[in-house]
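Engineer: Residue numbers (this note's numbering), protein chains in the order written: chain A, 1 to 311; chain B, 312 to 605; chain C, 606 to 932.
We put the CB at the ideal spot given by N, CA and C, even for glycine.
Since we're looking at a predicted model, the values are computed, not measured.
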Amino acid sequence: MYKYVIKRILLLIPVLLGVVFIVFFIMNLTPGDPGRLILGESAKQEDVDRLNDRLGFNKPYFVRFFNYIKDIVTKFDFGLSYATQKPVVDQILIKFPYTLKMAIASVFLSTIFGVTLGVTAAVKQYTAIDSSITVLAMVFTVMPAYWTGMLMILLFSIKLGWLPASGASSLKHYILPVLTIAITAMGSMMRLTRSVMLEAIRQDYVRTARAKGAPERRVVYGHALKNALLPLITSVGSMFGGMMGGAVLSETVFNIPGIGSYIVSSIRSKDIPAVMTCTLFFATLFSLIMLCVDLLYAFVDPRIKAKYVNS
Amino acid sequence: MNEKKKTSVPAKGKKQNKAKEIWRRFKKNKTAVAGLIVVIFFILVAVFAELIVPYEVALKQTKALREPPSSAHWFGTDRLGRDVFARIVHGTKVSLLIGLIGTAISTVIGLIIGAISGYYGGRLDEIIMRLMDMIMSIPSMLLSLAVVAALGANMQNLLIALVVGQIPHTARANRALVMSVSGQEFVKAAKSYGAGDARIIFKYLVPNVIGPIIVQASMQISSTILSAAALSFLGMGIQPPQPEWGYMLSEAREFMRTSPYLIMFPGVTILLLSLAFNLAGDGLQDAFNPQLKD
Amino acid sequence: MSEKLLEVKNLEVIYKTDLETVRAVNNISFSLEKSQTLGLVGETGAGKTTTALALLRLLPDRTARVLQGEIVFNGKNIMELEEKEMRDIRGEKISMIFQDPMTALNPVMTVGAQIAEALELHNDANRGKEAVEKRVNEVLEMVGIPAMRKNDSPHQFSGGMKQRVVIAMALACEPELLIADEPTTALDVTIQAQVLAMMNELRDRLQTAMIMITHDLGIIAETCDNVAIMYAGEIIEYGTAEDIFEGEQHHPYTVGLFGSIPNLEVEARRLSPIDGLMPDPTNLPEGCKFSPRCPHCTDKCRREQPAYYETGTHRILCHLYSKEESL
Numbered sequence: 001m002y003k004y005v006i007k008r009i010l011l012l013i014p015v016l017l018g019v020v021f022i023v024f025f026i027m028n029l030t031p032g033d034p035g036r037l038i039l040g041e042s043a044k045q046e047d048v049d050r051l052n053d054r055l056g057f058n059k060p061y062f063v064r065f066f067n068y069i070k071d072i073v074t075k076f077d078f079g080l081s082y083a084t085q086k087p088v089v090d091q092i093l094i095k096f097p098y099t100l101k102m103a104i105a106s107v108f109l110s111t112i113f114g115v116t117l118g119v120t121a122a123v124k125q126y127t128a129i130d131s132s133i134t135v136l137a138m139v140f141t142v143m144p145a146y147w148t149g150m151l152m153i154l155l156f157s158i159k160l161g162w163l164p165a166s167g168a169s170s171l172k173h174y175i176l177p178v179l180t181i182a183i184t185a186m187g188s189m190m191r192l193t194r195s196v197m198l199e200a201i202r203q204d205y206v207r208t209a210r211a212k213g214a215p216e217r218r219v220v221y222g223h224a225l226k227n228a229l230l231p232l233i234t235s236v237g238s239m240f241g242g243m244m245g246g247a248v249l250s251e252t253v254f255n256i257p258g259i260g261s262y263i264v265s266s267i268r269s270k271d272i273p274a275v276m277t278c279t280l281f282f283a284t285l286f287s288l289i290m291l292c293v294d295l296l297y298a299f300v301d302p303r304i305k306a307k308y309v310n311s
Numbered sequence: 312m313n314e315k316k317k318t319s320v321p322a323k324g325k326k327q328n329k330a331k332e333i334w335r336r337f338k339k340n341k342t343a344v345a346g347l348i349v350v351i352f353f354i355l356v357a358v359f360a361e362l363i364v365p366y367e368v369a370l371k372q373t374k375a376l377r378e379p380p381s382s383a384h385w386f387g388t389d390r391l392g393r394d395v396f397a398r399i400v401h402g403t404k405v406s407l408l409i410g411l412i413g414t415a416i417s418t419v420i421g422l423i424i425g426a427i428s429g430y431y432g433g434r435l436d437e438i439i440m441r442l443m444d445m446i447m448s449i450p451s452m453l454l455s456l457a458v459v460a461a462l463g464a465n466m467q468n469l470l471i472a473l474v475v476g477q478i479p480h481t482a483r484a485n486r487a488l489v490m491s492v493s494g495q496e497f498v499k500a501a502k503s504y505g506a507g508d509a510r511i512i513f514k515y516l517v518p519n520v521i522g523p524i525i526v527q528a529s530m531q532i533s534s535t536i537l538s539a540a541a542l543s544f545l546g547m548g549i550q551p552p553q554p555e556w557g558y559m560l561s562e563a564r565e566f567m568r569t570s571p572y573l574i575m576f577p578g579v580t581i582l583l584l585s586l587a588f589n590l591a592g593d594g595l596q597d598a599f600n601p602q603l604k605d
Numbered sequence: 606m607s608e609k610l611l612e613v614k615n616l617e618v619i620y621k622t623d624l625e626t627v628r629a630v631n632n633i634s635f636s637l638e639k640s641q642t643l644g645l646v647g648e649t650g651a652g653k654t655t656t657a658l659a660l661l662r663l664l665p666d667r668t669a670r671v672l673q674g675e676i677v678f679n680g681k682n683i684m685e686l687e688e689k690e691m692r693d694i695r696g697e698k699i700s701m702i703f704q705d706p707m708t709a710l711n712p713v714m715t716v717g718a719q720i721a722e723a724l725e726l727h728n729d730a731n732r733g734k735e736a737v738e739k740r741v742n743e744v745l746e747m748v749g750i751p752a753m754r755k756n757d758s759p760h761q762f763s764g765g766m767k768q769r770v771v772i773a774m775a776l777a778c779e780p781e782l783l784i785a786d787e788p789t790t791a792l793d794v795t796i797q798a799q800v801l802a803m804m805n806e807l808r809d810r811l812q813t814a815m816i817m818i819t820h821d822l823g824i825i826a827e828t829c830d831n832v833a834i835m836y837a838g839e840i841i842e843y844g845t846a847e848d849i850f851e852g853e854q855h856h857p858y859t860v861g862l863f864g865s866i867p868n869l870e871v872e873a874r875r876l877s878p879i880d881g882l883m884p885d886p887t888n889l890p891e892g893c894k895f896s897p898r899c900p901h902c903t904d905k906c907r908r909e910q911p912a913y914y915e916t917g918t919h920r921i922l923c924h925l926y927s928k929e930e931s932l
């Protein structure tokens with residue numbers, strides 16, 4: 001088993017190199033020169049040229065790409081932010097905890113409610129409960145996160161005055177942003193759970209469990225849901241990816257100094273090293289999460305475990 | 312189910328019957344029909360936008376700043392005194408165009424990539440799929456943001472950004488589809504009597520994957536519309552002064568306290584349109600796969 | 606006469622959907638005594654599995670309706686039981702072996718856990734964890750699987766072995782009635798014989814009553830005391846194994862059924878299949894349901910539903926014999 005894990009981690013390296021290449025390529029499409037961006041409009045042209053020279057921006061594309069990789073691998077150097085002239089990595093490490101807290105809380109929230117409601121809908125198929133859950137799920141999935149956020153501010157901060165509308169200085173500040181992110185994810189979780197459960201409760205082994213005299217709760221949660229877990233785990237994993245999009249919007253609406261709002265401001269100011277590093281950071285994080293998801297499979301499904309052990 | 316697929320290799324006459332049958336099942340689904348009606352309504356609004364209210368009205372700044380809804384301005388006016396109703400009407404065109412064109416492009420490209428990968432398999436498949444994995448490991452919102460940031464914010468680049476973010480997903484889904492069909496007995500049978508690749512692809516694969524692809528695309532339209540609005544909200548999509556729903560919301564943000572109607576109208580409109588596309592797509596899916604219903 | 610374990614009276618089950626009504630079981634009655642075996646024979650779609658599921662009250666509740674009938678088990682009409690009381694019967698008093706062992710076991714649970722579940726659900730004796738494990742070992746050994754394999758998952762077993770696990774699970778609580786729904790159909794022929802022999806042996810040892818559902822007359826001959834032959838949701842012939850295999854008079858369908866089995870002793874140029882197909886259960890013919898395919902069909906058959914013609918333990922649902930009577 002551990003052999004498989006090591007193999008998977010090694011396979012991550014070419015994927016991440018590829019990601020660096022793709023992002024590097026995209027960011028290099030940007031017109032304009034970095035020296036000008038760093039020194040500002042009023043700087044003298046010769047200063048700009050000198051800086052470009054020093055930073056190696058006049059070198060060919062592949063040389064720059066190679067140097068970029070070399071700096072990361074040998075010095076863990078992702079470059080300096082154009083805006084602050086400080087290492088981007090430091091910035092990310094300061095900002096990441098905000099985003100991480102929100103992501104974990106909302107994954108937790110949306111999984112618990114999404115799965116419970118989805119299972120309920122599947123078990124009560126063709127009833128009013130099922131149709132209301134289905135409609136609710138669909139509304140949740142299509143609610144634009146930034147709009148949900150604003151509606152919640154309108155209701156809970158402005159009208160009722162219960163919760164703060166911006167900032168991240170206390171636990172209370174996190175409630176609305178987390179809800180905002182969770183709602184979208186909850187919608188898709190509900191829909192997915194419902195459809196995999198509809199399939200699962202029609203399986204023969206579910207009938208076997210009933211024939212054994214198992215109570216309905218046990219049949220649904222112990223037998224059917226346990227089999228439906230596989231696609232659900234995958235989707236919880238990929239939810240983290242979608243959640244980053246949600247975080248960008250939610251952090252913007254609620255003024256939270258996390259990575260999401262950092263990316264937006266970096267993109268606005270064309271701070272290329274910051275954008276690149278954030279993107280890389282998320283790609284790595286996401287790949288690691290998906291690796292964990294794959295490994296989790298083995299605990300849920302013995303058939304997959306057997307495959308891993310044999311490979 | 313296998314039986315069904317085998318018999319669905321269509322002759323011309325049968326194809327029409329099949330479409331009729333799907334329409335008959337679709338009609339029975341009330342929420343899906345409601346979704347379709349709303350979609351058609353929005354399309355009509357987009358087509359006849361100029362007749363409903365001239366484009367200049369959407370751009371004209373008046374002295375009536377942030378006035379609540381009235382008979383003169385049905386949805387009120389915004390921070391520059393522009394008529395919100397007119398802006399929403401003309402924003403429809405933008406959102407629909409992006410939703411439809413973006414989905415169409417990413418579906419076609421995704422289909423080509425997925426079909427090549429799924430049909431030929433082997434090394435080529437491996438390379439293509441690894442590449443897709445790489446792109447997919449970047450959260451699509453970030454990828455789109457990065458593309459717009461690099462290329463500059465306008466409608467064309469917004470489309471490119473959205474398509475780039477979606478292609479890996481459509482390619483993957485289409486590959487799975489093509490693989491499941493090309494593993495079916497009737498394809499093996501065709502190969503066994505010597506049908507060439509082109510014949511198999513156009514006579515057997517395409518007719519059998521087209522249904523699921525339509526379903527997939529119809530579900531994707533709403534997410535394309537939503538992503539486009541989100542990018543515009545962040546200032547990375549459609550640029551002012553052109554009216555766009557997401558950007559209208561971002562403009563309205565600072566006046567939330569005093570003029571909450573400014574966030575209500577564009578938000579509800581986005582919700583309504585994407586909900587309608589989703590409902591219709593869901594109905595279409597059920598109509599295509601009746602066996603999933605029971 | 607020994608006491609009745611199960612008595613089914615006038616059972617009628619339909620499946621109703623928006624589009625159509627399937628008349629799956631039409632007014633059937635039969636009974637079963639303790640430690641006896643009843644064979645339920647018929648083609649696919651004759652209503653055998655529906656009957657079995659009705660006995661456990663496991664019919665899909667959205668579509669299936671029991672229009673009428675009583676199912677009396679140990680003196681109690683189980684149609685009137687609370688769901689909770691019914692659960693105490695399922696798995697403990699009546700258990701069922703399903704047709705396809707490949708899908709009947711939960712793929713993500715070890716086989717030991719699945720057997721233990723049945724025991725824990727009906728733990729009247731208040732067995733501790735160890736006692737349950739011990740019993741799991743016992744039943745596994747009983748069906749010829751080494752107890753050490755209880756921690757394996759279903760995917761590690763072959764089809765025949767899986768069916769043994771299903772049987773072990775069904776017998777774990779020593780039920781009074783075992784319903785076996787085509788238990789060997791999905792297995793290879795050589796494995797079929799093994800599993801069948803094992804089932805017969807266990808039934809005799811545990812004194813379990815059994816309902817054997819099958820379309821294979823050979824299995825019936827080997828295992829059953831009584832036989833009910835089903836056609837289009839009706840029992841068209843019912844009697845002891847002797848009545849069916851050696852009796853003089855038979856329903857034309859039964860005759861056809863026997864005629865379609867190859868027989869080495871009697872030289873025949875070809876098999877004689879029954880012409881035609883089973884009627885569409887959403888649109889059953891008037892009168893006798895076999896009339897469209899019957900070689901002896903008369904006008905009366907097409908008009909009137911036949912009544913049972915009874916001689917001793919033998920019942921036949923056919924106008925052919927009642928006509929003789931009236932002559």
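#1: Please say whether F240(A) and V123(A) have beta carbons closer to each other than 8 Å?
#2: Going residue by residue through the stretch 426-508 of chain B, where are the continuous alpha helix (DSSP H) segments of at least 4 residues, counting only ones entirely within it?
#3: For H901(C), count neighbouring C-beta atoms within 10 Å of its own C-beta (all shown protein chains included) and say buried if the count is 16 or more, exposed if not.
#4: In the DSSP assignment, the alpha helix (DSSP H) including I351(B) goes from what residue to what residue?
#5: For L10(A), collect the residues of the same chain with a Cβ closer than 8 Å to its Cβ; drop the 5 residues on either side in sequence, then sort them by chain order.
#6: If we count Cβ pairs, one from each stretch, closer than 8 Å, do we get three or more for the stretch 463-475 of chain B versus the stretch 521-533 of chain B?
#7: Can you give the beta carbon distance from G476(B) to S448(B), rounded, assuming they're within the 8 Å contact cut?
#8: Between the C-alpha atoms of A426(B) and R486(B), what's the straight-line distance to the nearest angstrom?
#9: DSSP three-state call for H173(A): helix, strand or coil?
#10: Could you compute how far the alpha carbon of S132(A) sits from the alpha carbon of A185(A)?
#11: Compare the C-beta of P380(B) with all C-beta atoms of chain A and state if any pair is closer than 8 Å.
#12: Using 10 angstroms around the beta-carbon of D593(B), count the other beta-carbons present and answer buried if the total reaches 16, otherwise exposed.
#13: Strictly below 9 Å CB to CB, what residues from chain A border N589(B)?
#14: What number of angstroms, rounded off, separates the C-alpha of V236(A) from the C-alpha of L611(C)?
#15: Which of helix, strand or coil does DSSP assign to E361(B)?
#16: Using the beta-carbon count (16 or more within 10 Å), is S170(A) buried or exposed?
#17: From which residue to which residue does the beta strand (DSSP E) around Y620(C) run?
#18: Within a Cβ cutoff of 7 Å, which residues of the same chain sit near A345(B), ignoring the five residues on either side of it in sequence?
#19: Determine the chain A residues that contact R670(C) at a beta-carbon separation under 9 Å, and present them in chain order.
#20: Taking 8 Å as the CB-CB cut-off, is H173(A) touching chain C?
#21: Under the DSSP definition of a beta bridge, which residues are partnered with R920(C)?
#22: For chain A, find out if any of its Cβ atoms is closer than 8 Å to the Cβ of S448(B); answer yes or no.
#23: For a contact meaning CB atoms closer than 9 Å, what does L249(A) contact in chain B?
#24: So T414(B) and A357(B) are in contact, right, with Cβ under 8 Å, and what is the actual spacing, rounded?
#25: Within 8 Å of any Cβ in chain B, is that where the Cβ of G222(A) sits?
#26: Kindly indicate the opening and closing residues of the beta strand (DSSP E) around S634(C).
#27: If we count the other Cβ atoms within 10 Å of its Cβ and call it buried at 16 or more, is I92(A) buried or exposed?
#28: Tell me the rounded alpha-carbon separation between P215(A) and T916(C).
#29: Which first and last residues belong to the beta strand (DSSP E) in which G674(C) is found?
#30: Which chain A residues sit within Cβ distance under 7 Å of V395(B)?
#31: Under 8 Å, do R740(C) and A777(C) count as touching if we go by C-beta distance?
#32: Here's the rule I'm using: 16 or more other beta-carbon atoms within 10 Å means buried, otherwise exposed. How should N227(A) be labelled?
#33: Do the stretch 754-769 of chain C and the stretch 813-823 of chain C meet, that is, are 3 or more Cβ pairs less than 8 Å apart?
Structural biologist: Quick answer:
#1: Translated into positions along the first sequence, residue 123(A) becomes position 123. Translated into positions along the first sequence, residue 240(A) becomes position 240. No; because the gap between Cβ atoms is not below 8 Å, this pair is not in contact.
#2: 433-447, 451-462, 466-493, 496-503
#3: Residue numbering aside, residue 901(C) sits at position 296 when the third sequence is read from its first letter. Classification of H901(C): exposed, given that the 10 Å Cβ count is below 16.
#4: Position 40 of the second sequence, counting from 1, holds the residue named residue 351(B). Residues 341-358.
#5: Locating residue 10(A) in the first sequence gives position 10, where the first residue counts as 1. Nothing meets the Cβ criterion.
#6: no
#7: Residue numbering aside, residue 476(B) sits at position 165 when the second sequence is read from its first letter. Residue numbering aside, residue 448(B) sits at position 137 when the second sequence is read from its first letter. Wrong, their Cβ atoms sit about 12 Å apart, outside the cutoff.
#8: In the second sequence, residue 426(B) corresponds to position 115, counting from 1. In the second sequence, residue 486(B) corresponds to position 175, counting from 1. Taking the straight line joining both Cα atoms gives about 6 Å.
#9: Taking the first sequence and counting its residues from 1, the one referred to as residue 173(A) is at position 173. Three-state result, H173(A): helix.
#10: Your numbering for residue 132(A) matches position 132 in the first sequence. Your numbering for residue 185(A) matches position 185 in the first sequence. C-alpha separation (whole angstroms): 18 Å.
#11: The residue labelled residue 380(B) in the question sits at position 69 within the second sequence. Not an interface residue.
#12: Position 282 of the second sequence holds residue 593(B). D593(B) is buried by the Cβ-count criterion.
#13: The residue given as residue 589(B) occupies position 278 in the second sequence. Simply M138, T141, V142.
#14: Along the first sequence, read from residue 1 onward, the residue named residue 236(A) stands at position 236. Along the third sequence, read from residue 1 onward, the residue named residue 611(C) stands at position 6. Whole-angstrom Cα-Cα distance: 50 Å.
#15: Mapped onto the second sequence, residue 361(B) falls at position 50. E361(B) falls in the helix class under three-state DSSP.
#16: Counting from 1 along the first sequence, the entry for residue 170(A) is found at position 170. It is exposed - the Cβ of S170(A) has fewer than 16 other Cβ atoms within 10 Å.
#17: Here the question's residue 620(C) lines up with position 15 in the third sequence. Y620(C) -> beta strand (DSSP E) spans 609-621.
#18: What you label residue 345(B) is simply residue 34 of the second sequence in a count that begins at 1. Around A345(B): L590.
#19: The residue you call residue 670(C) lines up with position 65 of the third sequence. Per Cβ cutoff of 9 Å: no residues; R670(C) is ~15 Å from chain A at best.
#20: Counting from 1 along the first sequence, the entry for residue 173(A) is found at position 173. Cβ-Cβ to chain C under 8 Å: no for H173(A).
#21: Numbered from its first residue, the third sequence carries residue 920(C) at position 315. The partner list for R920(C) (beta bridge, DSSP) reads Y843(C), E915(C).
#22: Stepping through the second sequence from its first residue, residue 448(B) is reached at position 137. Taking Cβ atoms only, chain A reaches closer than 8 Å to S448(B), which makes this a yes.
#23: Position 249 of the first sequence holds residue 249(A). The answer, in chain order, is M452, A541, F544, L545.
#24: The residue labelled residue 414(B) in the question sits at position 103 within the second sequence. The residue labelled residue 357(B) in the question sits at position 46 within the second sequence. 15 Å between Cβ atoms; not a contact.
#25: Counted from its first residue, the first sequence places residue 222(A) at position 222. Cβ-Cβ to chain B under 8 Å: no for G222(A).
#26: Counted from its first residue, the third sequence places residue 634(C) at position 29. Note, S634(C): beta strand (DSSP E), 626-638.
#27: Here the question's residue 92(A) lines up with position 92 in the first sequence. By the neighbour-count rule (16 or more Cβ atoms within 10 Å), I92(A) is buried.
#28: Here residue 215(A) is taken as the residue at index 215 of the first sequence, counted from 1. Here residue 916(C) is taken as the residue at index 311 of the third sequence, counted from 1. Distance between the alpha carbons of P215(A) and T916(C) is about 45 Å.
#29: Sequence index remark: in the third sequence, residue 674(C) carries index 69 (1-based). 669-678 is the extent of the beta strand (DSSP E) around G674(C).
#30: Within the second sequence, the letter at position 84 stands for residue 395(B). Those within 7 Å of V395(B) in chain A number zero; the least Cβ separation is about 15 Å.
#31: The residue given as residue 740(C) occupies position 135 in the third sequence. The residue given as residue 777(C) occupies position 172 in the third sequence. Yes.
#32: Within the first sequence, residue 227(A) is the residue found at index 227, counting from 1. By the neighbour-count rule (16 or more Cβ atoms within 10 Å), N227(A) is buried.
#33: no
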